[in-house]
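Counting in the numbering used here, the final residue of the sequence shown is number 997, and the numbers go up one at a time with none missing.
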Amino acid sequence: MKRYLSYIPVSALTGMALLLCLPAFLLNLGSVAFIGDEGIRTLVALEMKLSGHYLVPTLNGEGYFNKPPLYNWFIVLMSGLFGHFGEWPTRMTTLIFLGAFGWTVYFFMRKHVDRLTAISLAFMLITSGRILFWDSMLGLIDICFSWIVFLNFMALYHLGKEGRWKWMFISSYFLCSIAFLLKGLPAVVFQCISIFTTLFFYKVFRKKIFSTDHFIGAGLGLLPMLVYYILYASQVSLKNVFSILWDQSVQRTGVHYGILKTITHVFAFPFEQTYHFLPWSLLIATFFHPRFRQWLRQNPFVHFCFWMLIANLPVYWLSVQVYPRYLLMFLPLFNLIGLYILQQTMETNQKWWTIFHYTFTFLSGIVVAMILLMPLNSRVYSIQGIFLIWIIASLLMLICFAGVLFDSKRMFLWVAITLLVTRSVFNYVVLPLRAHDFTENRCREDCMRLAAAHGDKAWFIFGKTEVHEVARYYTSGYKNQIIRKTESIQDSTGYYITDLSLYPDFPGEKIDSLVLERGEVIAFMKVAHQ
Numbered sequence: 468m469k470r471y472l473s474y475i476p477v478s479a480l481t482g483m484a485l486l487l488c489l490p491a492f493l494l495n496l497g498s499v500a501f502i503g504d505e506g507i508r509t510l511v512a513l514e515m516k517l518s519g520h521y522l523v524p525t526l527n528g529e530g531y532f533n534k535p536p537l538y539n540w541f542i543v544l545m546s547g548l549f550g551h552f553g554e555w556p557t558r559m560t561t562l563i564f565l566g567a568f569g570w571t572v573y574f575f576m577r578k579h580v581d582r583l584t585a586i587s588l589a590f591m592l593i594t595s596g597r598i599l600f601w602d603s604m605l606g607l608i609d610i611c612f613s614w615i616v617f618l619n620f621m622a623l624y625h626l627g628k629e630g631r632w633k634w635m636f637i638s639s640y641f642l643c644s645i646a647f648l649l650k651g652l653p654a655v656v657f658q659c660i661s662i663f664t665t666l667f668f669y670k671v672f673r674k675k676i677f678s679t680d681h682f683i684g685a686g687l688g689l690l691p692m693l694v695y696y697i698l699y700a701s702q703v704s705l706k707n708v709f710s711i712l713w714d715q716s717v718q719r720t721g722v723h724y725g726i727l728k729t730i731t732h733v734f735a736f737p738f739e740q741t742y743h744f745l746p747w748s749l750l751i752a753t754f755f756h757p758r759f760r761q762w763l764r765q766n767p768f769v770h771f772c773f774w775m776l777i778a779n780l781p782v783y784w785l786s787v788q789v790y791p792r793y794l795l796m797f798l799p800l801f802n803l804i805g806l807y808i809l810q811q812t813m814e815t816n817q818k819w820w821t822i823f824h825y826t827f828t829f830l831s832g833i834v835v836a837m838i839l840l841m842p843l844n845s846r847v848y849s850i851q852g853i854f855l856i857w858i859i860a861s862l863l864m865l866i867c868f869a870g871v872l873f874d875s876k877r878m879f880l881w882v883a884i885t886l887l888v889t890r891s892v893f894n895y896v897v898l899p900l901r902a903h904d905f906t907e908n909r910c911r912e913d914c915m916r917l918a919a920a921h922g923d924k925a926w927f928i929f930g931k932t933e934v935h936e937v938a939r940y941y942t943s944g945y946k947n948q949i950i951r952k953t954e955s956i957q958d959s960t961g962y963y964i965t966d967l968s969l970y971p972d973f974p975g976e977k978i979d980s981l982v983l984e985r986g987e988v989i990a991f992m993k994v995a996h997q
């Protein structure tokens, strides 16, 4: 078997992995409704389109200052290509940036490692547990933001290595500007730490920190952000904007949560992130190899990536409210360091590689067994064509398992292919079942029903009625209207989404109801005496 597998070229395995990306990332992409943050991003984009105002984001007609607008512009662009707003265009935006992220990892890694390793690192990124089974399914900012930050790391290393300081500063601050327009202040934190770390790494801190190159580079690189906020300031007070952006950043830290929760988080953080980014996070073991520091210093690029990781990671390690998606820019750095050290161990002792080989073979075996035993779950029988899918998936998984078992040199690529097959089966089997039980899907269906039944009049959200993020998007999306909040009856012919527990004396009659994503039911009111 080992001999037959060796006949398969790396290009064929790469092609197989790329083909599997289609069902893995596209199958049933829109079957599950938006979660909260997706609803916000898409609603902001929809209101830009409906109002024609792209500089100042709004949410239900009110100014939205939590995030700058760049990612919403991408959603508007993608929705224009699709011809509608919804799950597919919003999530395809994420997938395009994920593809760009993966290709960028390959492009830069190939400058420093062999082709197989570079390809493996690219697929290790997109098949990391958290990305493969969560973030790639959602239309959120973080994959795009992480890609830009990673590009910044690469620009700092390569232009710094060549001594092209002016271009390094221009490129880095330009990428910081783009990152700021995506997510706000986290981009500034990354920039400060990364610039300082790079200058220390190249031993030019005193020479370059206050140099003409630095000032010119920062001035030119930050122009996109400066131009945007000059235009923005003509319509909205920047004091309000930056105070909210600051609050969005500080609320996740120990300043907001206190010392006890911060200490608990500091201890739990490495274990939680190891879980979220399985299986590749198991490479953390290589960081404890006795010769880790020696091997690290032998490769300047890996050494630089290590210091970028070590310098930037504490910002999140010490912040209490941290989601794994905030750490995606670190994955290529971590994977490179771990795989590089593991490869170095092979020159002196095969034991470490053998341990990882057995570990990945065992984990792959568990996944194969889950696929083979799938017919034992009676719920899958409701899915059309399930037996054909099961046969195809079982054959593919057995081939992948053989690859992991007998082709240990390429086991990382084989494991990535195994994970892509698993995600494809997950899409076909689990997502329809999840959609059936997902409360957000009930909310989506109810909003669609309401728009069909009562779409002839203007809609409003009355007073402090809490509609939540998902319903806020779907009501506006299916109605194709900016549904504004109002403290009084603005239009006696309109309909008002109202929480009757807050407003039991609303002057009208209940003509329908709306199911929210958390299961609450609020009233759809018609003003009396029309």
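Glycine included, each C-beta is placed from N, C-alpha and C at the ideal position.
- Query: According to DSSP, which residues form a beta bridge with Thr965?
  - Reply: Ala990
- Query: What residues are listed by DSSP as bridge partners for Asp979?
  - Reply: Phe991
- Message: Measuring CB atoms only, is the region 793–812 touching the region 607–617, in the sense that at least three cross pairs come out at less than 8 Å?
- Response: yes
- Item | Among Pro691, Pro556, Gln761, nearest to Ile459 - alpha-carbon criterion | Past the boundaries of the shown model lies residue 459; the chain is included only from 468 to 997, so the question cannot be answered.
- Please name the residue in Asn495, Leu522, Met515 whose C-alpha comes closest to that of Glu554. Asn495
- Task: Could you check if Arg508 is buried or exposed, using at least 16 other CB atoms within 10 Å of its CB as the buried criterion?
- Result: buried
- Query: DSSP puts Met526 in a beta bridge; with which residues?
  - Reply: Note on identity: in this sequence residue 526 is Leu, with Met being the wrong assignment. Note: Leu526 sits in a beta bridge opposite Glu529.
- Query: Would you call the CB atoms of Trp820 and Ser748 closer than 9 Å?
  - Reply: no
- Message: Can you look up Ile928 in the DSSP assignment and give me helix, strand or coil?
- Response: strand
- Query: In whole angstroms, what separates the C-alpha of Arg558 from that of Leu605?
  - Reply: 5 Å
- Query: Can you name the start and end residues of the alpha helix (DSSP H) that Thr679 belongs to?
  - Reply: 679–688
- Item | alpha helix (DSSP H) runs wholly inside the region 542–580, at least 4 long, in chain order | 554–576
- Ile683 Cβ short of 8 Å to the ligand COA heavy atom set: You won't find the ligand COA in this model; it holds no ligand whatsoever.
- Just confirm the distance between the C-beta atoms of Ser498 and Ala902, as a whole number of angstroms; I'd bet it's less than 8 Å. 5 Å
- Message: Short of 7 Å in beta carbon distance, which residues of its chain neighbour Cys488, apart from the five on each side in sequence? Order them along the chain.
- Response: Leu887
- Contact check, Met915 vs Tyr940, beta carbons under 9 Å: no
- Can you tell which of Ile884, Leu472, Phe868 has the C-alpha that lies nearest to the C-alpha of Thr835? Note that residue 835 is Val in the sequence shown here, rather than Thr. Looking at the Cα atoms, Phe868 is the closest of the given residues.
- Message: So Tyr962 and Lys993 are supposed to be a Cβ contact under 8 Å. How far apart are they, rounded?
- Response: 6 Å
- Item | Phe600 and Phe893 closer than 9 Å at C-beta | yes
- Buried versus exposed call for Arg911 [16 or more other C-beta atoms within 10 Å across all chains shown]: buried
- Could you tell me the boundaries of the beta strand (DSSP E) in which Thr953 lies? 951–953
- Short check: CB of Met483 to CB of Phe879, under 9 Å? no
- Message: Taking the alpha-carbon of Arg846 as reference, which of Leu900, Ile808, Thr826, Gly805 has the nearest alpha-carbon?
- Response: Leu900
- Within the same chain, show all residues whose beta-carbon is closer than 6 Å to that of Asp966, passing over the 5 residues directly before and after it, in chain order. Thr932, Ile989
- Message: Between the region 661–676 and the region 766–782, can you find at least three pairs of beta-carbon atoms closer than 8 Å?
- Response: yes
- Task: Could you tell me the distance, in whole angstroms, from the CA atom of Lys674 to the CA atom of Gln658?
- Result: 18 Å
- Query: Around the Cβ of Thr584, are there at least 16 other Cβ atoms within 10 angstroms (buried) or fewer (exposed)?
  - Reply: buried
- Between the C-alpha atoms of Lys534 and Met576, what's the straight-line distance to the nearest angstrom? 32 Å
- Item | Burial state of Ala920, where buried means 16 or more other Cβ atoms lie within 10 Å | exposed
- Proximity winner among Gly852, Thr942, Gly569, Val871, relative to Tyr825 (alpha-carbon distances): Val871
- Item | Proximity winner among Gly550, Val982, Phe744, relative to Asn908 (alpha-carbon distances) | Val982
- Task: Let me know the beta strand (DSSP E) ranges lying completely inside the region 721–775, each 3 residues or longer, listed in chain order.
- Result: none
- Message: Relative to the C-alpha of Val896, which candidate in Trp634, Met837, Pro524 has its C-alpha closest?
- Response: Met837
- Query: What does a CB cutoff of less than 7 Å around Gly506 pick up in its chain, not counting 5 residues either side in sequence?
  - Reply: Glu936, Val937, Arg939, Tyr940
- Selected residue, minimal CA-CA separation from Met864, among Thr731, Arg470, Leu830: Leu830
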